[in-house]
Amino acid sequence: VELERLGVHESVSHVFPPAKLATSLVDLSIEVAVIGDDEIDVCDAVVTLEYREAFLDLHWIHSIQAGVDRFPFETLEERGVLLTNSTGIHDRTVGETVAGYLLMFARRLHDHVANQQQRRWDRPEWDAAFTLPGTTACVVGTGTLGRGVAETLGALGIRVTGVRQSTDSVPGFDEMFATDDLLEAVAAADFVIVTVPLTDETRHLFDAEAFAAMRTDAYFVNVARGPVVDEPALIDALEADDLAGAALDVFETEPLPEESPLWEMDDVIISPHCAAYTRDYFRDVGEIVRENVSRLETDDDLTNRVV
Ligand code: NAD
14 VELERLGVHE SVSHVFPPAK LATSLVDLSI EVAVIGDDEI DVCDAVVTLE
64 YREAFLDLHW IHSIQAGVDR FPFETLEERG VLLTNSTGIH DRTVGETVAG
114 YLLMFARRLH DHVANQQQRR WDRPEWDAAF TLPGTTACVV GTGTLGRGVA
164 ETLGALGIRV TGVRQSTDSV PGFDEMFATD DLLEAVAAAD FVIVTVPLTD
214 ETRHLFDAEA FAAMRTDAYF VNVARGPVVD EPALIDALEA DDLAGAALDV
264 FETEPLPEES PLWEMDDVII SPHCAAYTRD YFRDVGEIVR ENVSRLETDD
314 DLTNRVV
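Quick note on our numbering: the sequence shown kicks off at 14 and runs consecutively.
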């Protein structure tokens, strides 16, 4: 395939300046330019965050996210459009974000930040703070995110169990459970961390039954996709003190609506879908794009191909 013009769609600006990526790819043999919606038709490939119908006339779409649940797989297939994603680059970023949430809960740092806003010198209850070694984290999904989380938490002395479709062992995990045994796996954990993609099978994987299976002193972390969780069921469990708390980076509706009760809960940490942010994001995406431009030139199979 002869690519001539690769567009960096302006929607990537939610994650990094589009020009940073375009500039880092200037040495490619094809033309690379930052484009808006009205310039899609002059390209034959695009790097993007969001989906646009006009992409259906292109040869190749590269998503700067790992999650591509917003793209219409069947239509892309029908129209012969290739889709690749950015899985493989978010292991350390998301791993460190999750480690941060767990340290906040264990060391009560979120309470201190909240008190500081009100100039309050309030110490935690004597038995509120704890340390992480000896605790167990159950990571549901053992791909790039899951492995990065396991490695980072393992380094903090946390015992890490994994839930995956098979029970084959994965580096960094101390014990594996099959997806069918999800309830058993979460029941044994101090922290449950969700890292699966959003698919028909994972939609509302975490429902009232899953939260009821968790210990009442356990924390729930979602860095995957909002709809993997039945959000009203999570809110009910938190309000009933059936869980100790939650750290949430993704939500059923984003931005999280102002009226959501999650905003005001003491033991809920909210981050605005940025668990994977890093100043190196454009470089990490650039490496995948560069690799695939060269594979297209030599008619090789694309890396990270989804459709
Ligand atoms: P990946 O493809 O490397 O890993 C996904 C893993 O989930 C695979 O091992 C797959 O086998 C497993 N899986 C799929 N369905 C499952 C099921 N029903 N039960 C158990 N395991 C199942 O992808 P990744 O890079 O690890 O990303 C995973 C997801 O995390 C993405 O699809 C995206 O939605 C989300 N994500 C969020 C952020 C963020 O900023 N919060 C960043 C990156 C990725």
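The beta-carbon is built from N, C-alpha and C at its ideal position, and this holds for glycine as well. Since we're looking at a predicted model, the values are computed, not measured.
What span of residues does the alpha helix (DSSP H) with residue i cover, start to end?
| i | result |
| --- | --- |
| residue 248 | 244 to 252 |
| residue 118 | 104 to 120 |
| residue 161 | 157 to 167 |
| residue 149 | Careful: residue 149 lies outside any alpha helix (DSSP H), inside the beta strand (DSSP E) at 149 to 153. |
| residue 273 | Residue 273 -> no alpha helix (DSSP H), and no H or E assigned at all. |
| residue 34 | 31 to 37 |
With hydrogens ignored, establish whether the beta-carbon of residue i is closer than 8 Å to any heavy atom of the ligand NAD.
| i | result |
| --- | --- |
| residue 286 | yes |
| residue 289 | yes |
| residue 41 | no |
| residue 214 | yes |
| residue 258 | no |
| residue 82 | yes |
| residue 180 | no |
| residue 237 | yes |
| residue 69 | no |
| residue 88 | no |
| residue 149 | no |
| residue 177 | yes |
| residue 112 | no |
| residue 103 | yes |
| residue 154 | yes |
| residue 78 | yes |
| residue 293 | no |
| residue 298 | no |
| residue 316 | no |
| residue 220 | no |
| residue 262 | yes |
| residue 210 | yes |
| residue 97 | no |
| residue 115 | no |
| residue 192 | yes |
Of all the options the options, which has the alpha carbon lying nearest to the alpha carbon of residue i?
| i | options | result |
| --- | --- | --- |
| residue 23 | 125, 35, 193 | 35 |
| residue 159 | 51, 187, 94, 38 | 187 |
| residue 298 | 15, 29, 17, 18 | 29 |
| residue 63 | 80, 228, 57 | 80 |
| residue 310 | 43, 272, 201 | 43 |
| residue 266 | 275, 70, 259 | 275 |
| residue 112 | 161, 286, 77 | 161 |
| residue 190 | 165, 154, 139, 250 | 154 |
| residue 48 | 115, 96, 60 | 60 |
| residue 2 | 25, 313, 211, 74 | A query on residue 2 cannot be resolved here, the shown segment of the chain reaching from 14 to 320 and no further. |
Put residue i into one of helix, strand or coil per three-state DSSP.
| i | result |
| --- | --- |
| residue 290 | coil |
| residue 265 | coil |
| residue 198 | helix |
| residue 224 | helix |
| residue 95 | strand |
| residue 301 | helix |
| residue 53 | helix |
| residue 180 | coil |
| residue 46 | strand |
| residue 308 | helix |
| residue 22 | strand |
| residue 296 | helix |
| residue 128 | helix |
| residue 319 | coil |
| residue 239 | helix |
| residue 67 | helix |
So residue i is in the beta strand (DSSP E); what residue range does that whole segment cover?
| i | result |
| --- | --- |
| residue 83 | Segment: none, residue 83 is in no beta strand (DSSP E) and carries neither H nor E. |
| residue 174 | 172 to 177 |
| residue 101 | Unbroken run through residue 101: none, as it is neither H nor E. |
| residue 73 | 73 to 76 |
| residue 58 | 58 to 61 |
| residue 191 | 188 to 191 |
| residue 204 | 204 to 207 |
| residue 281 | 281 to 283 |
Would you verify that the beta carbon of residue i is, or is not, closer than 9 Å to some beta carbon of chain D?
| i | result |
| --- | --- |
| residue 235 | Absent here is chain D; the protein component of the structure consists of one chain. |
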